[in-house]
Structure formats: C-alpha cells, structure tokens
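Peer 1:
Have a look at this one:
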C-alpha cells in the first residue's frame with residue numbers, strides 16, 4: 198500500500214480492506230477453488246461452510262430471524278433490483294424520495310414507464326433529510342411499498358427509518374431500506390426499524406470485495422417476492438422449476454464464492470471491532486472534518502453539518518472550481534482522493550441546487566481513516582480555496 202495515498206472515497210468502496218479479507222480471498226483462489234453447493238469433496242465442503250458462516254454473520258449483524266433470510270447477490274444494485282422487480286406489479290403504488298440513489302430511481306422509472314407502476318417521490322430539506330409526515334401523506338389505498346435510503350450518499354444525512362418503518366406498519370405497506378451507506382457504519386436491526394426488505398452491497402461498510410451484496414427478506418415476504426432469475430442451485434435438481442425454499446429461490450447460478458468468503462471475513466472484522474466503536478470513530482472524524490472545512494473561506498458544506506445526524510459523508514463546493522477540477526488538483530498535488538460529480542443521485546443534487554455546477558466534491562470516511570488524513574484533506578482544500586482567491 199502507498200502510504201502517501203489519502204483515500205477518502207469509502208462511500209464508493211471501502212479501502213483498504215482488513216488483512217483477513219485479502220487472506221480469505223487468496224485462500225479460495227490458491228487452495229480451495231471449489232463452487233458452493235456443487236460437490237461433496239473436502240474443499241467443496243469447506244467452501245459450503247465458509248459461505249454459511251458469512252450468511253450467519255450477516256444475519257447476526259442485522260438481527261435477522263434466521264440466516265436463510267439473507268440472500269447473496271452481485272451487489273447492492275442487484276439486491277434493490279430483485280426487491281423492486283420481484284415485488285411490484287402493474288397498478289401498484291410506491292412511495293420513495295428524491296434522496297435516493299439511481300439504484301432505486303432507475304428501476305422505479307422503468308417500472309413506471311413500462312409496467313404502469315405509480316411512484317411518488319417526496320422532497321427533502323436543505324440538508325438532504327426527508328420528513329416522515331411527507332411519507333405518511335403520500336400513502337394511497339393501493340400503496341404497496343415504501344423505499345428509503347438509510348444514509349444519503351451525497352450529504353451523509355441519516356434518514357428517520359424507524360419513524361418511516363412505523364408508518365409502513367400502521368398502513369400495512371411493505372418497507373424496503375437501502376442500507377448501502379449505513380451497514381457496517383451504524384447499528385442496523387431490521388426488526389427494530391421495521392424493514393421488510395433491506396439491501397446492501399458487501400464492499401462498502403461491510404469491508405468485503407466488490408461484486409458482493411445481500412438482501413434481507415422478512416418472514417412471509419418471500420411469498421410475495423418473485424424470483425427474477427432462475428437456474429441451477431445444487432438442490433432439487435430433479436425439478437425444472439426454481440425451488441421455493443430460501444435462499445435457493447433467489448440464488449440461481451454459481452455464487453461469487455471468493456467474494457462471499459471475503460465478505461465473511463469483513464463481517465467478522467466489523468463484529469470484532471464493534472459497531473459502537475466504529476460509529477464513535479466515524480462521528481469523531483466527521484466532526485473534525487466539518488469543523489475544519491467550515492473555517493475555510495469560499496467553501497460551502499452540504500448536509501446536516503452535525504455528526505449525530507450524519508454518517509461519514511461530507512460534500513462541499515469550493516468557490517472558483519468545479520468539483521471535477523478540485524478533485525483532480527487535490528489528487529495531483531496532495532494525493533487526496535475524493536469523488537466529484539452527481540454521485541448517481543440526480544434528484545438529490547437538484548434539491549440541493551448543485552446540478553448546474555457539476556455536483557459536489559465528496560469526502561467519505563472509513564474504518565481505517567485517521568485524524569492525520571482528515572487534517573491533510575482540510576489543509577489541501579484550504580490551499581486550493583486560498584489560491585482561487587489570490588487569482
């Protein structure tokens with residue numbers, strides 16, 4: 198690892214990974230090399246055990262009723278597509294928000310245009326927070342689903358998922374939570390927040406490799422959630438129908454075994470480090486970053502600006518620079534790596550008024566981010582802002 202590299206793009210994917218993740222993936226590549234659920238030889242049995250361990254660790258982290266309610270997918274987008282396309286039918290109504298990622302917005306737009314699904318998108322405030330009362334007011338007689346991101350990938354705003362979960366239960370509406378930016382960063386218990394479905398990638402806060410994801414399916418929801426892909430499962434192979442049992446109903450084809458085994462190691466790291474400790478680290482560094490950036494003339498911060506209501510994501514603009522230019526200069530001059538642009542959340546940027554300026558420059562923290570890296574980022578932004586003023 199290049200020690201000069203200051204990586205602050207953890208909302209895109211976490212880096213570096215724990216050493217145990219690298220070791221787990223390499224062990225599969227070099228020693229095991231077997232698929233899951235497709236053999237009885239020793240290595241195949243070990244792979245089956247490791248995949249089951251990863252499933253159990255994910256269930257434990259989420260407070261799921263049983264491990265089989267964790268469905269492994271290709272990524273967070275795949276999880277959300279399974280939930281949305283597997284659940285919604287013509288004439289259904291969905292309530293969501295302008296805060297959502299394109300992984301929600303685009304499937305819903307296609308369902309709206311091609312399959313006559315109705316969609317209501319509630320607004321957010323200047324910090325990127327939604328009001329649960331807006332969700333309640335949007336519910337109709339035929340509303341089938343509420344979809345809400347837990348943490349905004351643009352402002353880091355922590356949405357009131359518990360309140361929205363209660364509203365969903367009170368109205369008999371299913372609740373899908375996009376936990377892409379919260380799982381592994383915040384304590385998340387699916388039963389406490391009332392999630393009927395919860396989607397997450399494995400490569401962000403859970404510290405696993407790219408190409409991994411999961412979907413939690415609450416008891417009874419599988420009876421309403423259709424499988425969108427069919428194929429081999431290694432079980433009931435005498436039937437040409439997809440099994441109805443979990444997780445096989447939704448896991449057709451070979452698993453990304455090295456990715457899932459790596460994800461299992463990432464989940465073990467999160468468990469051992471402890472979410473309370475991880476959240477405290479996140480809050481301390483978020484507070485430090487916001488405080489430092491707030492003192493720089495020409496810098497505008499978007500979001501709650503309060504680490505109690507924000508999780509590890511801080512977006513800014515620097516007067517005199519578009520976000521792409523600022524990101525390139527920070528990388529070239531200071532090896533500070535942040536992400537510019539619209540962050541696949543166009544409606545959020547419209548709400549913030551940042552579309553015309555190319556979005557924002559986003560800093561996102563991880564479990565291995567240090568105070569020294571935060572201070573370096575603040576200094577780098579301050580020097581850029583100062584240079585713009587001088588010219």
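Numbering (the working numbering), first residue to last: 198 to 588.
Even glycine gets a Cβ: it sits at the ideal position worked out from N, Cα and C.
Source: prediction; values computed, not measured.
#1: In terms of alpha-carbon separation, which member of 313, 351, 308 and 334 lies closest to residue 326?
#2: By how many angstroms is the C-alpha of residue 431 removed from the C-alpha of residue 287?
#3: Between residue 250 and the rest of its own chain, which residues show a CB-CB distance below 8 Å, the 5 nearest in sequence each way excluded?
#4: From the beta carbon of residue 563, is the nearest beta carbon of chain B less than 8 Å away?
#5: Please look up how many angstroms separate the CB atoms of residue 314 and residue 349, rounded, as I've assumed it's under 8 Å.
#6: Between which two residues does the alpha helix (DSSP H) carrying residue 220 extend?
#7: Ignore the nearest five residues each way along the sequence and tell me which others in residue 341's own chain have a CB closer than 6 Å to its CB.
#8: DSSP on residue 198, reduced to helix/strand/coil?
#9: Between residue 498 and residue 513, how many whole angstroms is the CB-CB distance? I'm expecting something under 8 Å.
#10: Specify the secondary structure class of residue 410 as computed by DSSP and reduced to three states.
#11: Can you have a look at residue 448 and say buried or exposed, based on whether 16 or more other CB atoms are within 10 angstroms of its CB?
#12: What does DSSP give as the partner residues of residue 355 in its beta bridges?
#13: Going along the chain, which residues of its own chain have a beta-carbon closer than 7 Å to the beta-carbon of residue 198, five neighbours each way excluded?
#14: Please classify residue 465: does DSSP put it in a helix, a strand, or coil?
#15: Give every residue of the same chain whose Cβ lies closer than 6 Å to the Cβ of residue 316, excluding the five residues on either side of it in the sequence, and list them in chain order.
#16: Going by the CB atoms, is the gap between residue 539 and residue 556 shorter than 8 Å?
#17: If you follow the alpha helix (DSSP H) that residue 242 is in, where does it begin and where does it stop?
#18: For residue 517, which residues of its own chain have a beta-carbon under 7 Å away from its beta-carbon, when the five flanking residues on both sides are left out?
#19: Give the single residue among 258, 229 and 580 whose Cα lies nearest to the Cα of residue 245.
#20: Helix, strand or coil for residue 568, going by three-state DSSP, please let me know.
#21: Which residue's Cα is closest to the Cα of residue 343: 472, 492 and 365?
#22: Residue 311 to residue 424, Cα distance in whole Å?
#23: Using alpha carbons as the reference points, say which of 541, 544 and 531 lies closest to residue 592.
Peer 2: This is what the structure holds:
#1: What you label residue 326 is simply residue 129 of the chain shown in a count that begins at 1. Among 313, 351, 308 and 334, the Cα nearest to that of residue 326 belongs to 351.
#2: In the chain shown, counting from the first residue as 1, residue 287 sits at position 90. In the chain shown, counting from the first residue as 1, residue 431 sits at position 234. If you take the alpha carbons of residue 287 and residue 431, they lie about 33 Å apart.
#3: The residue given as residue 250 occupies position 53 in the chain shown. The answer, listed in chain order, is 461.
#4: Of the protein chains in the structure, only one exists, and it is not chain B.
#5: Taking the first residue of the chain shown as position 1, residue 314 is located at position 117. Taking the first residue of the chain shown as position 1, residue 349 is located at position 152. Not really, about 24 Å apart at Cβ, beyond 8 Å.
#6: By 1-based counting over the chain shown, the position of residue 220 is 23. Element bounds for residue 220: 216 to 224.
#7: For the purposes of this step, residue 341 is taken as the residue at position 144 of the chain shown. Counting only Cβ-Cβ distances below 6 Å, and skipping sequence neighbours, we find 289.
#8: By 1-based counting over the chain shown, the position of residue 198 is 1. Unreliable placement is indicated for residue 198, whose pLDDT of 40 sits below 50; the coordinate value is still reported in the next sentence. Residue 198 falls in the coil class under three-state DSSP.
#9: By 1-based counting over the chain shown, the position of residue 498 is 301. By 1-based counting over the chain shown, the position of residue 513 is 316. Separation of the CB atoms of residue 498 and residue 513 is rounded to 5 Å, and the pair is thereby assigned contact status at 8 Å.
#10: Locating residue 410 in the chain shown gives position 213, where the first residue counts as 1. Here residue 410 sits in strand by DSSP.
#11: Along the chain shown, one-based indexing puts residue 448 at 251. Classification of residue 448: buried, given that the 10 Å Cβ count is 16 or more.
#12: Counted from its first residue, the chain shown places residue 355 at position 158. Note: residue 355 sits in a beta bridge opposite 348.
#13: Translated into positions along the chain shown, residue 198 becomes position 1. Residue placement at residue 198 cannot be trusted, given a pLDDT of 40 that sits under 50; what the coordinates show is reported in the next sentence. Around residue 198: 213.
#14: As a first step, residue 465 must be located in the chain shown, where it is residue number 268. Of the three classes helix, strand and coil, the one that applies to residue 465 here is helix, per DSSP.
#15: Position 119 of the chain shown, counted from the first residue, corresponds to residue 316. Excluding sequence neighbours, residue 316 sits near 291, 305 and 309.
#16: On the chain shown, position 359 is the one that residue 556 refers to. On the chain shown, position 342 is the one that residue 539 refers to. Cβ distance < 8 Å, so residue 556 and residue 539 count as in contact.
#17: As a working note, residue 242 is residue 45 in the chain shown. Segment 239 to 259, the alpha helix (DSSP H) holding residue 242.
#18: Within the chain shown, residue 517 is the residue found at index 320, counting from 1. Here the set comprises 495 and 585.
#19: Within the chain shown, numbered from 1, the residue matching residue 245 stands at position 48. Selected option, being the one with the closest Cα: 229.
#20: The residue given as residue 568 occupies position 371 in the chain shown. Helix at residue 568.
#21: The sequence position of residue 343 within the chain shown is 146, counting from 1. Checking every option, the nearest Cα to that of residue 343 belongs to 365.
#22: For the purposes of this step, residue 311 is taken as the residue at position 114 of the chain shown. For the purposes of this step, residue 424 is taken as the residue at position 227 of the chain shown. Roughly 19 Å between the two C-alpha positions.
#23: Any question about residue 592 goes unanswered here, given that the chain covers just 198 to 588.
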